[in-house]
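Student: The structure follows.
In the numbering used here, the protein residues as written are 894 to 1064.
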C-alpha cells in the first residue's frame, strides 16, 4: 500500500481514501493531494507485488465507495457518481453544478464533500451523506445543491432525499 501512494510517477502525493472488496477483488481509492488525476486500484490477491489493475480518474480523488451488484460505485471530488464498467469508471450521475465543480470541493479542501464512510446501500439504493457547504470565505451553500442525504437509483437518478436538522423530528 505504501508503494501505491508514495511510489513513483503519478502516485507521488496521493493518499488512500477508502478500501472495499467484492467477491473477487479488493479496490483501493486514492486522493491526489497535488491536485492532478487520481487512481482506483484493484487487486485479486494473485500478485505479491501489488495491484493487478489501476483505473485513472478524471478527478483528483475518489471520496467514498459502495459495492453494488459486485461492482464498485464511487463518488469523486468533482461531485460525480461513477461505476466501474470493466475497463474504466463511467458517470452514472452528478450533483447539479451550473458549471465546473467548485475548487473548494477538491482534495486540498480542509473538509471533503463526502466522508469515506458517507456512502451506503439501503434497500438496493445508493445513499450519500453530502456536505455541500463551500469552503470559501463566506461558507456559502449553493441554493440548488442542499446538504443532506442524496439518493441514487437507476430510475430516478441522483436527487436530494432529506436534509439534516439539529433536533429529532418525525420521519
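All residues carry an ideal CB built from backbone N, CA and C; glycine is no exception.
Under 8 Å, do residue 1024 and residue 1042 count as touching if we go by C-beta distance?
Tutor: Position 131 of the chain shown holds residue 1024. Position 149 of the chain shown holds residue 1042. Going by C-beta atoms, residue 1024 is not nearer than 8 Å to residue 1042.
Student: Can you tell me whether residue 1022 is helix, strand or coil according to DSSP?
Tutor: Counting from one through the chain shown, the residue named residue 1022 turns up at place 129. Three-state result, residue 1022: strand.
Student: Taking C-alpha atoms, which residue in 1021, 920, 908 lies nearest to residue 1055?
Tutor: The residue given as residue 1055 occupies position 162 in the chain shown. That would be 1021, whose Cα lies nearest to the Cα of residue 1055.
Student: May I ask you to report which of helix, strand or coil DSSP gives residue 920?
Tutor: Along the chain shown, read from residue 1 onward, the residue named residue 920 stands at position 27. Note: residue 920 maps to strand in three-state DSSP.
Student: How is the beta strand (DSSP E) around residue 1015 delimited, first residue to last?
Tutor: Within the chain shown, residue 1015 is the residue found at index 122, counting from 1. Segment 1012-1015, the beta strand (DSSP E) holding residue 1015.
Student: Taking the alpha-carbon of residue 963 as reference, which of 1049, 1046, 1017 has the nearest alpha-carbon?
Tutor: Your numbering for residue 963 matches position 70 in the chain shown. The residue with the shortest Cα to Cα distance from residue 963 is 1017.
Student: Residue 970 and residue 952 - do their beta-carbons sit closer together than 8 Å?
Tutor: For the purposes of this step, residue 952 is taken as the residue at position 59 of the chain shown. For the purposes of this step, residue 970 is taken as the residue at position 77 of the chain shown. A contact, by the Cβ cut-off of 8 Å.
Student: How many Å lie between residue 914 and residue 1039 at the Cα?
Tutor: Looking up residue 914 in the chain shown gives position 21. Looking up residue 1039 in the chain shown gives position 146. Distance between the alpha carbons of residue 914 and residue 1039 is about 31 Å.
Student: Would you mind stating whether residue 968 and residue 974 have Cβ atoms separated by less than 8 Å?
Tutor: To locate residue 968, count along the chain shown from 1; it is residue 75. To locate residue 974, count along the chain shown from 1; it is residue 81. Yes, Cβ-Cβ distance for residue 968 and residue 974 is below 8 Å.
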